[in-house]
Amino acid sequence: MSSYVTFIRFIVVGISNTVVDWLLFFFFVSLNVPQVWAQTFAYSAGVVNSYMWNRIWTFRVKGAIMKQFVRFLVLNFCSLTVTIIVLYGCNQMFSVFLSKFMATISGIVINWIGSRMWVFSGKTTA
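For the sequence shown, UniProt numbering assigns the number 1 to the initial residue and increments by one for each residue that follows.
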């Protein structure tokens, strides 16, 4: 499968993750849950969605799951950490919506590079 098709699939999955993440984030914020906790819960729900669809559809990986899943969790923990830092830092200067947007973009970049080069590398099928 071409890198272009894989990237388009990654974006489609990412959009669904973003919808899950944003809906839950703003739901929790509306309940006065602190933004760091709202981000953690919402992002975690997106991670579950992401792993399933990226493994099955985007990268079409077969074989052992555990090593790959651990890598996926490590990558997403790093991405979550960066998104929380960006969210917090931007929230000092911008609206919560713009801060969340900037945090989301940073997470997309980290996840694409990490997924393509480390988590799902070398195990794709056509």
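Built from N, CA and C at the ideal position, the CB exists for glycine as well. Quantities reported herein were computed from a predicted structural model and do not represent experimental measurements.
- N32: buried (16+ other C-beta within 10 angstroms of its C-beta) or exposed? Taking the sequence shown and counting its residues from 1, the one referred to as residue 32 is at position 32. Classified as exposed, N32 has fewer than 16 neighbouring CB atoms from the shown chains inside 10 Å of its CB.
- Give the range of the alpha helix (DSSP H) segment to which G89 is assigned. Residue numbering aside, residue 89 sits at position 89 when the sequence shown is read from its first letter. DSSP places G89 in the uninterrupted alpha helix (DSSP H) bounded by 66-91.
- Item | C-alpha distance - S79 paired with S44, whole-angstrom precision | One-based indexing of the sequence shown puts residue 79 at position 79. One-based indexing of the sequence shown puts residue 44 at position 44. If I take the Cα positions, the gap works out to 11 Å.
- Query: Going by other Cβ atoms of all chains shown within 10 Å of its Cβ, with 16 needed for buried, is G14 buried or exposed?
  - Reply: Here residue 14 refers to the residue found at position 14 when the sequence shown is read from its first residue. Taking all protein chains in view, the Cβ of G14 is crowded by 16 or more other Cβ atoms within 10 Å, so the residue is classified as buried.
- Message: Would A42 and D21 qualify as a contact pair, given that the criterion is a beta-carbon distance under 8 Å?
- Response: Position 42 of the sequence shown holds residue 42. Position 21 of the sequence shown holds residue 21. Contact: yes.
- Query: Thinking C-alpha only, which one of S50, L75, S95, S106 is nearest V19?
  - Reply: Taking the first residue of the sequence shown as 1, we reach residue 19 at position 19. When each option's Cα is compared against that of V19, the closest is S50.
- Whose C-beta lies closer than 7 Å to the C-beta of T6 among residues of the same chain, with five residues either side of it excluded? Position 6 of the sequence shown, counted from the start, is the residue given in the question as residue 6. The answer, listed in chain order, is T58, F59.
- Query: Should Q35 and L87 be called a contact, given that it needs their Cβ atoms to be closer than 8 Å?
  - Reply: The residue you call residue 35 lines up with position 35 of the sequence shown. The residue you call residue 87 lines up with position 87 of the sequence shown. Yes, they are a contact pair.
- Cβ-Cβ separation, V82 to S106 (assumed contact under 8 Å), whole Å: In the sequence shown, the residue the question calls residue 106 occupies position 106. In the sequence shown, the residue the question calls residue 82 occupies position 82. With a Cβ gap of about 5 Å, S106 and V82 count as contacting.
- Message: Starting from V13, trace the alpha helix (DSSP H) in both directions and tell me its first and last residue.
- Response: Start at 1 with the first residue of the sequence shown, and residue 13 comes out as number 13. Per DSSP, V13 belongs to the alpha helix (DSSP H) from 3-30.
- Throw me the rounded Cβ distance for the F10 and N54 pair, which I believe falls under 8 Å. Walking along the sequence shown from the start, residue 10 turns up at place 10. Walking along the sequence shown from the start, residue 54 turns up at place 54. Between N54 and F10 the Cβ distance is about 7 Å, and since that is below 8 Å, they are a contact.
- Query: Which word fits G89, buried or exposed, when buried means at least 16 other C-beta atoms lie within 10 angstroms of its C-beta?
  - Reply: Taking the sequence shown and counting its residues from 1, one reaches residue 89 at position 89. Exposed, since its Cβ has fewer than 16 Cβ neighbours within 10 Å.
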